[in-house]
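Q: Taking my numbering, the leading residue of the sequence shown gets -18, the next gets one more, and so forth. For glycine and all other residues, C-beta sits at the position ideal for the given N, C-alpha and C. I have a structure I would like to understand better, so I am pasting it below and will then ask my questions one at a time.
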Amino acid sequence: MQHESRSHGFFDLVAKFFDTLIRLRYVFALIAFILLVLFKINGSNIGFWSNYIDESGKNTVVSGEARGIRSDEWEVLMPIYLSQQNSDTPFTTINPDITPSGHNVVITLGAPVKDVYTVSKPLQWGFLFLSADYALSWYWDLKFILILLLSFELCMIISKQNKLISVLGSLWIVLSPAVQWWFAQHVGDNVLYFEAIVVTFYYFLKYFDKTSLKIIFGFLFSLSCVGFIIPLYPPIQITFGFLALILML
């Protein structure tokens, strides 16, 4: 009887911790985000440049190793994002340092720019006021946390508030091979904004009778739609767009 009582006590403690973690998930997420950015933690493979420039980048790897096969991220996307800070005309839509005639870094890449469009791109905000190392952590960590939280909300809606399924579902989505492989590219962004569209639309309808909340979620829904459309990548956007419509209906 005593052993059984101890077992029940342990599982009750775990259940209370689980409920507290879910109830205060946004607080824990904010704390985790601040700490990760302060310590400049990110999942970029940009340290691979040390093979071509110097060896300093190898000393910054906390776990694992920078992988050359992720060249779409470390060789293309991140250098363009960082060049927006270091250009003679920083944060402009047309980056003059890319191609002889300059390149539109918004339509195809969604790079940070000083434009009203950036309101819908919180991942890029860090580049506007932080140094490159902090900004890169801001981008990487916020994307992971937002996908995790939005996946949980989406799973809660689909599972009719089943917390355990929603936790497992959120981890399954954010850690899935497709999201992790294309995390810094269009798949990661489109998953995030697709989920944001469905979740904000759901809460817009849920709180339709409460004017202030209706305005807030309507505004967030609009920003999510802009963030989903730009940058353009139709092969994924069309699929997620139809899925979003089905879920909203």
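1. Taking the Cβ atom as the reference point for each residue, do Trp121 and Ser25 lie within a distance shorter than 8 angstroms?
2. Would you tell me roughly how many angstroms separate the C-alpha atoms of Ser118 and Phe164, rounded to the nearest one?
3. Taking the alpha-carbon positions, what's the Ser49 to Val168 distance?
4. Measuring alpha carbon to alpha carbon, tell me which residue in Ala113, Pro81 and Val179 is nearest Leu19.
5. Cα-Cα, which of Trp55, Leu145, Ser31 and Tyr98 is closest to Asp(-5)?
6. Any idea what DSSP makes of Ile211, helix, strand or coil?
7. Decide if the region 187 to 204 is in contact with the region 145 to 161; the criterion is three or more beta carbon pairs, one per stretch, under 8 angstroms apart.
8. Could you please give the first and the last residue of the uninterrupted alpha helix (DSSP H) stretch that includes Glu176?
9. Give a yes or no on whether the minimum CB-CB distance between Phe198 and chain D is below 8 angstroms.
10. Based on DSSP bridge pairs, tell me the residues matched to Asn76.
A: On the basis of the coordinates in this document:
1. Residue mapping note: residue 121 aligns to position 140 of the sequence shown, counting from 1. Residue mapping note: residue 25 aligns to position 44 of the sequence shown, counting from 1. Yes.
2. Residue 118 sits at position 137 when you count from the first residue of the sequence shown. Residue 164 sits at position 183 when you count from the first residue of the sequence shown. Spanning the two alpha carbons is a distance of roughly 14 angstroms.
3. As a working mapping, residue 49 is identified with position 68 in the sequence shown. As a working mapping, residue 168 is identified with position 187 in the sequence shown. What sits at residue 49 in the sequence shown is Gly, not Ser. When rounded, the distance between both Cα atoms is 20 angstroms.
4. Locating residue 19 in the sequence shown gives position 38, where the first residue counts as 1. The shortest Cα separation from Leu19 among Ala113, Pro81 and Val179 belongs to Ala113.
5. What you label residue -5 is simply residue 14 of the sequence shown in a count that begins at 1. According to the sequence shown, residue -5 is Val rather than Asp. If we check each option's Cα against that of Val(-5), Leu145 comes out closest.
6. Within the sequence shown, numbered from 1, the residue matching residue 211 stands at position 230. Looking at Ile211 - three-state DSSP - the assignment turns out to be coil, as it is neither helix nor strand.
7. no
8. Mapped onto the sequence shown, residue 176 falls at position 195. That run of the alpha helix (DSSP H) goes His167 to Lys187.
9. The question asks about chain D, but that chain is absent: this structure has only one protein chain.
10. On the sequence shown, residue 76 is found 95 positions in, with the first residue counted as 1. The partner list for Asn76 (beta bridge, DSSP) reads His84.
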